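S.K.: full-length UniProt numbering puts the first residue of the sequence shown at 1, with every later residue one more than the last.
Please see the structure below; I have some questions.
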Amino acid sequence: MPITVNDHEITDDEIAAELPGHDTLHLATMAVILRHLLRDEAHRLGLPATDEDSAIAALLAHEVTVPEADDASCRRHYAQNPARFTVGELVEAEHILFQVTERVPLPALRGLAEQTLADLLAEPAQFGEQARKLSNCPSATLGGNLGQLGRGDTVPEFERVLFSADQGAIVPRVVETRFGLHIVRVVHRIAGRLLPYEQVCTQIAEALQQASRDAAWRQYLRVLASRARITGIDLDIADSPLLQ
(Lines of atoms letter the chains of each structure in order from A and count residues from 1; the text may use other names and numbers.)
(Lines give C-alpha, C1' and ligand atoms only; values in the text may rest on other atoms or scores of the structure.)
Protein backbone atom coordinates (compact mmCIF):
# COMPACT_ATOMS: atom_id res chain seq x y z
CA MET A 1 0.00 0.00 0.00
CA PRO A 2 1.50 3.36 -0.97
CA ILE A 3 2.17 6.03 1.67
CA THR A 4 0.31 9.26 1.08
CA VAL A 5 0.32 12.61 2.89
CA ASN A 6 -2.58 14.90 2.07
CA ASP A 7 -3.10 12.94 -1.16
CA HIS A 8 0.57 13.24 -2.15
CA GLU A 9 2.13 9.81 -2.69
CA ILE A 10 5.59 9.44 -1.13
CA THR A 11 8.00 8.17 -3.78
CA ASP A 12 10.99 5.89 -3.47
CA ASP A 13 13.16 8.69 -4.85
CA GLU A 14 12.14 11.02 -2.01
CA ILE A 15 13.00 8.39 0.58
CA ALA A 16 16.30 7.55 -1.13
CA ALA A 17 17.29 11.24 -1.10
CA GLU A 18 16.55 11.44 2.65
CA LEU A 19 18.22 8.14 3.59
CA PRO A 20 21.88 9.37 3.90
CA GLY A 21 20.88 11.48 6.90
CA HIS A 22 19.24 8.65 8.84
CA ASP A 23 20.13 5.27 10.29
CA THR A 24 17.19 3.30 8.91
CA LEU A 25 14.76 3.29 6.01
CA HIS A 26 11.90 3.80 8.47
CA LEU A 27 13.43 6.99 9.90
CA ALA A 28 14.09 8.34 6.42
CA THR A 29 10.47 7.66 5.49
CA MET A 30 9.25 9.41 8.63
CA ALA A 31 11.43 12.42 7.83
CA VAL A 32 9.95 12.69 4.34
CA ILE A 33 6.43 12.58 5.80
CA LEU A 34 7.23 15.30 8.33
CA ARG A 35 8.70 17.50 5.61
CA HIS A 36 5.48 17.22 3.65
CA LEU A 37 3.37 18.04 6.70
CA LEU A 38 5.45 21.12 7.47
CA ARG A 39 5.73 22.26 3.86
CA ASP A 40 1.99 21.93 3.30
CA GLU A 41 1.22 23.93 6.43
CA ALA A 42 3.68 26.67 5.49
CA HIS A 43 2.01 26.88 2.08
CA ARG A 44 -1.45 26.98 3.66
CA LEU A 45 -0.42 29.89 5.87
CA GLY A 46 1.19 31.71 2.95
CA LEU A 47 4.55 32.11 4.65
CA PRO A 48 7.23 33.58 2.36
CA ALA A 49 10.06 31.17 1.53
CA THR A 50 12.52 30.54 -1.28
CA ASP A 51 12.77 26.78 -0.79
CA GLU A 52 11.49 23.91 1.35
CA ASP A 53 14.01 24.37 4.18
CA SER A 54 13.30 28.09 4.52
CA ALA A 55 9.56 27.37 4.44
CA ILE A 56 9.90 24.88 7.30
CA ALA A 57 12.11 27.25 9.30
CA ALA A 58 9.65 30.10 8.81
CA LEU A 59 6.74 27.91 9.87
CA LEU A 60 8.39 26.68 13.06
CA ALA A 61 9.49 30.20 13.98
CA HIS A 62 5.97 31.49 13.37
CA GLU A 63 3.98 28.72 15.04
CA VAL A 64 6.13 27.25 17.81
CA THR A 65 7.11 29.09 20.97
CA VAL A 66 10.12 27.67 22.78
CA PRO A 67 10.54 28.86 26.38
CA GLU A 68 13.94 30.19 27.33
CA ALA A 69 16.04 28.26 29.85
CA ASP A 70 16.36 30.69 32.77
CA ASP A 71 19.14 30.73 35.33
CA ALA A 72 17.01 29.06 38.00
CA SER A 73 16.28 26.09 35.70
CA CYS A 74 19.96 25.78 34.78
CA ARG A 75 21.06 25.85 38.42
CA ARG A 76 18.44 23.24 39.32
CA HIS A 77 19.67 20.96 36.50
CA TYR A 78 23.26 21.45 37.66
CA ALA A 79 22.38 20.54 41.26
CA GLN A 80 20.36 17.48 40.23
CA ASN A 81 22.97 16.03 37.84
CA PRO A 82 26.43 16.46 39.40
CA ALA A 83 27.87 13.40 37.61
CA ARG A 84 27.37 15.08 34.23
CA PHE A 85 29.61 17.95 35.25
CA THR A 86 32.30 15.99 37.06
CA VAL A 87 35.63 15.48 35.31
CA GLY A 88 38.56 13.22 36.10
CA GLU A 89 36.51 10.52 37.85
CA LEU A 90 38.09 7.08 37.31
CA VAL A 91 37.53 3.54 38.50
CA GLU A 92 39.86 0.56 38.33
CA ALA A 93 37.66 -2.44 37.68
CA GLU A 94 37.72 -6.18 37.16
CA HIS A 95 35.10 -8.32 35.52
CA ILE A 96 34.29 -11.82 34.37
CA LEU A 97 32.41 -11.92 31.08
CA PHE A 98 30.05 -14.75 30.17
CA GLN A 99 29.53 -14.06 26.48
CA VAL A 100 26.16 -14.92 24.99
CA THR A 101 26.55 -17.23 21.99
CA GLU A 102 24.26 -19.45 19.94
CA ARG A 103 26.03 -22.54 21.26
CA VAL A 104 25.22 -21.93 24.92
CA PRO A 105 21.56 -21.60 26.04
CA LEU A 106 21.02 -18.35 27.91
CA PRO A 107 19.40 -20.00 30.98
CA ALA A 108 22.43 -22.27 31.38
CA LEU A 109 24.82 -19.36 30.94
CA ARG A 110 22.93 -17.27 33.46
CA GLY A 111 22.93 -20.17 35.88
CA LEU A 112 26.72 -20.49 35.58
CA ALA A 113 27.18 -16.74 36.07
CA GLU A 114 24.95 -16.64 39.13
CA GLN A 115 26.62 -19.68 40.71
CA THR A 116 30.05 -18.16 40.06
CA LEU A 117 28.91 -14.90 41.62
CA ALA A 118 27.65 -16.71 44.71
CA ASP A 119 30.98 -18.53 45.04
CA LEU A 120 32.93 -15.27 44.71
CA LEU A 121 30.79 -13.41 47.21
CA ALA A 122 31.72 -16.19 49.63
CA GLU A 123 35.40 -16.23 48.59
CA PRO A 124 36.37 -12.90 46.91
CA ALA A 125 40.04 -13.89 46.79
CA GLN A 126 39.19 -16.33 43.99
CA PHE A 127 38.13 -13.57 41.60
CA GLY A 128 41.32 -13.54 39.52
CA GLU A 129 41.47 -17.31 39.24
CA GLN A 130 37.83 -17.54 38.17
CA ALA A 131 38.33 -14.77 35.62
CA ARG A 132 41.28 -16.58 34.06
CA LYS A 133 39.26 -19.79 33.90
CA LEU A 134 35.83 -18.56 32.84
CA SER A 135 35.92 -15.08 31.32
CA ASN A 136 35.38 -14.63 27.58
CA CYS A 137 37.16 -11.26 27.61
CA PRO A 138 40.84 -10.69 26.71
CA SER A 139 41.20 -9.28 30.24
CA ALA A 140 40.98 -12.89 31.48
CA THR A 141 44.74 -13.20 31.13
CA LEU A 142 45.03 -10.34 33.65
CA GLY A 143 42.64 -11.90 36.12
CA GLY A 144 39.79 -9.83 34.70
CA ASN A 145 41.48 -6.46 35.27
CA LEU A 146 40.20 -3.75 32.91
CA GLY A 147 42.54 -1.03 34.13
CA GLN A 148 41.33 2.50 34.79
CA LEU A 149 38.07 3.56 33.16
CA GLY A 150 36.49 6.97 32.86
CA ARG A 151 32.97 7.95 31.97
CA GLY A 152 32.32 7.25 28.31
CA ASP A 153 34.89 4.45 28.09
CA THR A 154 32.32 1.64 28.31
CA VAL A 155 28.75 1.02 27.22
CA PRO A 156 26.20 2.96 29.33
CA GLU A 157 24.69 -0.05 31.08
CA PHE A 158 28.15 -1.14 32.27
CA GLU A 159 29.21 2.39 33.17
CA ARG A 160 26.20 2.93 35.42
CA VAL A 161 27.23 -0.08 37.50
CA LEU A 162 30.91 0.86 37.65
CA PHE A 163 30.34 4.38 38.91
CA SER A 164 27.73 3.42 41.48
CA ALA A 165 29.46 0.35 42.97
CA ASP A 166 31.27 0.40 46.31
CA GLN A 167 35.07 0.39 46.17
CA GLY A 168 36.58 -3.03 46.82
CA ALA A 169 33.28 -4.85 46.66
CA ILE A 170 31.92 -7.31 44.13
CA VAL A 171 28.64 -6.07 42.69
CA PRO A 172 26.07 -8.43 44.28
CA ARG A 173 24.19 -9.15 41.06
CA VAL A 174 24.98 -10.37 37.58
CA VAL A 175 25.24 -7.36 35.26
CA GLU A 176 23.73 -7.72 31.80
CA THR A 177 25.00 -5.71 28.83
CA ARG A 178 24.91 -6.05 25.05
CA PHE A 179 28.14 -8.11 25.33
CA GLY A 180 26.82 -10.69 27.75
CA LEU A 181 26.67 -11.30 31.50
CA HIS A 182 29.28 -9.82 33.83
CA ILE A 183 30.50 -10.25 37.36
CA VAL A 184 32.03 -6.90 38.35
CA ARG A 185 34.35 -5.64 41.06
CA VAL A 186 35.54 -2.06 41.51
CA VAL A 187 39.07 -2.27 42.88
CA HIS A 188 39.79 1.44 43.28
CA ARG A 189 38.01 4.72 42.73
CA ILE A 190 39.52 8.14 41.99
CA ALA A 191 37.12 10.95 42.79
CA GLY A 192 36.52 13.51 40.09
CA ARG A 193 36.21 17.27 40.31
CA LEU A 194 32.87 19.04 39.97
CA LEU A 195 33.19 21.84 37.45
CA PRO A 196 31.96 25.20 38.77
CA TYR A 197 28.50 26.24 37.62
CA GLU A 198 29.85 29.30 35.85
CA GLN A 199 31.97 27.09 33.62
CA VAL A 200 29.07 24.94 32.42
CA CYS A 201 26.04 27.24 32.62
CA THR A 202 26.10 28.02 28.88
CA GLN A 203 26.29 24.31 28.06
CA ILE A 204 23.37 23.59 30.39
CA ALA A 205 21.28 26.41 28.94
CA GLU A 206 21.86 25.14 25.41
CA ALA A 207 20.93 21.57 26.38
CA LEU A 208 17.75 22.65 28.18
CA GLN A 209 16.82 24.95 25.30
CA GLN A 210 17.24 22.10 22.82
CA ALA A 211 15.14 19.77 24.98
CA SER A 212 12.40 22.42 25.18
CA ARG A 213 12.59 23.01 21.44
CA ASP A 214 12.35 19.27 20.69
CA ALA A 215 9.34 18.87 22.98
CA ALA A 216 7.59 21.89 21.43
CA TRP A 217 8.30 20.73 17.88
CA ARG A 218 7.01 17.22 18.58
CA GLN A 219 3.82 18.61 20.08
CA TYR A 220 3.31 20.80 17.01
CA LEU A 221 3.96 17.86 14.70
CA ARG A 222 1.33 15.83 16.58
CA VAL A 223 -1.17 18.61 15.91
CA LEU A 224 -0.31 18.71 12.21
CA ALA A 225 -0.45 14.92 11.92
CA SER A 226 -3.87 14.84 13.58
CA ARG A 227 -5.21 17.23 10.93
CA ALA A 228 -3.56 15.54 7.95
CA ARG A 229 -4.71 12.71 5.73
CA ILE A 230 -1.99 10.06 6.08
CA THR A 231 -2.31 6.54 4.73
CA GLY A 232 -0.03 3.53 4.40
CA ILE A 233 1.92 3.97 7.65
CA ASP A 234 1.36 4.25 11.39
CA LEU A 235 2.86 7.62 12.22
CA ASP A 236 4.43 7.73 15.69
CA ILE A 237 5.72 11.24 16.34
CA ALA A 238 7.47 10.09 19.54
CA ASP A 239 9.85 7.94 17.46
CA SER A 240 10.16 10.30 14.51
CA PRO A 241 13.33 12.25 13.65
CA LEU A 242 13.32 15.97 14.29
CA LEU A 243 14.26 18.08 11.29
CA GLN A 244 17.12 20.46 11.94
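The beta-carbon is built from N, C-alpha and C at its ideal position, and this holds for glycine as well.
Computed from a predicted model, the values in this text were never measured in an experiment.
Keeping to the same chain, check which residues put their C-beta closer than 8 Å to that of aspartate 7; ignore five residues upstream and five downstream.
M.R.: If we look at aspartate 7 and ignore the five residues flanking it on each side, its Cβ neighbours are Arg229.
S.K.: Can you have a look at serine 139 and say buried or exposed, based on whether 16 or more other CB atoms are within 10 angstroms of its CB?
M.R.: Label assigned to serine 139: buried.
S.K.: Which runs of the alpha helix (DSSP H) at least 4 residues long sit entirely within the stretch 129-174? Give them in chain order.
M.R.: Here the runs fully enclosed are 156-162.
S.K.: Identify whether isoleucine 3 lies in helix, strand or coil by the three-state DSSP scheme.
M.R.: The answer is coil: DSSP assigns isoleucine 3 none of H, G, I, E or B.
S.K.: From leucine 19 to leucine 34, what does the alpha carbon distance come to, in whole angstroms?
M.R.: Each residue's alpha carbon lies about 14 Å from the other.
S.K.: Within the chosen definition, does the stretch 55-67 reach the stretch 185-195 through at least 3 CB pairs nearer than 8 Å?
M.R.: At 8 Å Cβ cutoff, the stretches do not touch.
S.K.: Valine 200 by DSSP, collapsed to three states: which one?
M.R.: Here valine 200 sits in helix by DSSP.
S.K.: Cα separation between leucine 149 and arginine 160?
M.R.: For leucine 149 and arginine 160, the distance between alpha carbons rounds to 12 Å.
S.K.: Since glutamine 99 is in the beta strand (DSSP E), which residue starts that stretch and which ends it?
M.R.: Taken as a continuous stretch (DSSP letters only), the beta strand (DSSP E) holding glutamine 99 covers 90-99.
S.K.: When we look at the beta-carbon of threonine 29 and count the other beta-carbons within 10 Å, is it buried (16 or more) or exposed?
M.R.: Buried, by the Cβ-count rule.
S.K.: Near serine 212, which residues of its chain fall below 6 Å by C-beta distance, leaving aside the five closest residues on each side in sequence?
M.R.: So the qualifying residues of the chain are Val66 and Pro67.
S.K.: Using the C-alpha atoms, what's the distance from valine 174 back to histidine 182?
M.R.: The alpha-carbon atoms of histidine 182 and valine 174 are separated by roughly 6 Å.
S.K.: In the DSSP output, what is histidine 182 paired with across the bridge?
M.R.: For histidine 182, which the question treats as bridged, DSSP gives the partners Leu97 and Val175.
S.K.: Do three or more CB pairs link the stretch 153-169 to the stretch 202-220 at distances below 8 Å?
M.R.: Because the criterion of three Cβ pairs below 8 Å is not met, the stretch 153-169 and the stretch 202-220 do not touch.
S.K.: Can you tell me the Cβ-Cβ gap for valine 32 and isoleucine 15, rounded? I've got them flagged as a contact below 8 Å.
M.R.: Their Cβ separation, rounded to whole angstroms, is 6 Å, which keeps valine 32 and isoleucine 15 in contact under 8 Å.
S.K.: In the structure shown, what three-state DSSP assignment does valine 187 receive?
M.R.: Strand, per DSSP.
S.K.: Tell me whether histidine 8 sits in a helix, a strand or coil according to DSSP, three-state version.
M.R.: Note: histidine 8 maps to strand in three-state DSSP.
S.K.: Under 8 Å between the Cβ atoms of glutamine 167 and valine 186?
M.R.: Against a cut-off of 8 Å, the Cβ pair of valine 186 and glutamine 167 comes out as a contact.
S.K.: What residue from Val223, Asp234 and Ala165 has the CA that sits closest to leucine 37's CA?
M.R.: Taking only the C-alpha atoms, the option nearest leucine 37 is Val223.
S.K.: Would you tell me roughly how many angstroms separate the C-alpha atoms of alanine 215 and alanine 122, rounded to the nearest one?
M.R.: The straight-line gap from Cα to Cα measures roughly 49 Å.
S.K.: Determine the direct distance from the alpha carbon of tyrosine 220 to that of alanine 61, and round the result to whole angstroms.
M.R.: So the alpha carbons of these two residues sit roughly 12 Å apart.
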